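Participant:
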C-alpha cells in the first residue's frame, strides 16, 4: 500500500514539474520582433495598425506601448519622437496622434488622399477599391462624423462648400474645425463680413 502511494505521489510530482516547465517555456518563448518603421518604405498608418495588432496579440501592457514603439522608430520619425515632451512621449495615444499629424494623416490629409488617389502601378482594381474605402473610412473617423445619411451628407456638402470658398476663407474655417455645414456657413458669413470676402 505504501509502495502504491509512493508511486502515485511520484507521478503527481512529475506532472507538476512538467506542467511548470511547460508554462515557463510558454511565458519565456521568444516572439518575433516587429520590423522598424522606415520612411521610404512604410506607410505610417498601416505600420501603426500592424504594431497595435502585434502588441495586442502578444498581450503587451498598453503603458509599455510607447517605449516599445520608440525602439522601432528610425530616421525622421525618431527625430520627431525625440522632440516630444517627456509627458507626451510616455503616452502612446499622444505619440500616435503627433506622428499621424506629422505625416499628414489627419482628417484633411485623408480627405485629400480620398479625392486624389489613383491606382498604383500594378495595383489590382480590388486592392485599389480597398485603398479608397480605407481613406474614406479614416476621413470619416477622424472627422468624428456619425455614420448616418444626414451626417455623411453634411460632411460631403461641407467639403464642397470649403472647396468653392476663397482659399484663405476655407483655411480659416478648417482651422476652426466647425462640426456642421450650418456652423461653417454662419462662420463663413462672419469671416466674410469681417474681411469683405464673398464666396464665389
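In the UniProt record's numbering, the protein residues as written are 1 to 200. Positions of the beta carbon are idealized from the N, C-alpha and C atoms, including for glycine. Here the structure is a predicted model, which is why all the values come from computation and not from measurement.
(1) Could you spell out the range, first to last residue, of the alpha helix (DSSP H) harbouring residue 120?
(2) Go through its chain and collect everything with a Cβ distance to residue 66's Cβ below 7 Å, but skip five positions before and after it.
(3) Using the Cα positions of residue 79 and residue 147, report the straight-line distance between them to the nearest angstrom.
(4) Determine the direct distance from the alpha carbon of residue 106 to that of residue 161, and round the result to whole angstroms.
(5) Which parts of the region 21-84 are runs of the beta strand (DSSP E), unbroken and 3 residues or longer, counting only runs that do not cross its ends?
(6) Between the alpha carbons of residue 27 and residue 99, how many angstroms are there, rounded?
(7) Check residue 158 in the structure and name its three-state DSSP category.
(8) With three or more C-beta pairs closer than 8 Å as the rule, is the region 150-164 touching the region 119-138?
(9) Can you name, in chain order, every residue of its own chain whose Cβ lies under 6 Å from the Cβ of residue 103, other than the five neighbours on each side?
(10) Can you give the Cα-Cα distance for residue 36 and residue 137, rounded to whole angstroms?
(11) Specify whether the region 70-77 and the region 111-122 touch according to this definition: at least 3 beta carbon pairs, one from each stretch, less than 8 Å apart.
(12) To which residues of the same chain is residue 69 closer than 7 Å at the C-beta, ignoring the five residues directly before and after it?
Facilitator: Well, looking at it:
(1) By 1-based counting over the chain shown, the position of residue 120 is 120. Element bounds for residue 120: n/a, residue is neither H nor E.
(2) Residue numbering aside, residue 66 sits at position 66 when the chain shown is read from its first letter. Excluding sequence neighbours, residue 66 sits near 89, 90, 91, 92 and 95.
(3) Mapped onto the chain shown, residue 79 falls at position 79. Mapped onto the chain shown, residue 147 falls at position 147. In a straight line, the C-alpha of residue 79 is about 37 Å away from that of residue 147.
(4) Start at 1 with the first residue of the chain shown, and residue 161 comes out as number 161. Start at 1 with the first residue of the chain shown, and residue 106 comes out as number 106. The alpha-carbon atoms of residue 161 and residue 106 are separated by roughly 19 Å.
(5) You should have found no qualifying run.
(6) Position 27 of the chain shown, counting from 1, holds the residue named residue 27. Position 99 of the chain shown, counting from 1, holds the residue named residue 99. For residue 27, the predicted model reports a pLDDT of 42, less than 50, meaning its position is unreliable; a value from the coordinates is still stated below. The alpha-carbon atoms of residue 27 and residue 99 are separated by roughly 32 Å.
(7) Taking the chain shown and counting its residues from 1, one reaches residue 158 at position 158. Helix at residue 158.
(8) no
(9) As a first step, residue 103 is located in the chain shown; it is residue number 103 there, counting from the start. So the list reads 44, once near-sequence residues are dropped.
(10) Stepping through the chain shown from its first residue, residue 36 is reached at position 36. Stepping through the chain shown from its first residue, residue 137 is reached at position 137. Each residue's alpha carbon lies about 26 Å from the other.
(11) no
(12) The count along the chain shown starts at 1 and reaches residue 69 at position 69. For residue 69, where only same-chain residues beyond five positions count, the Cβ hits under 7 Å are 51, 92 and 95.
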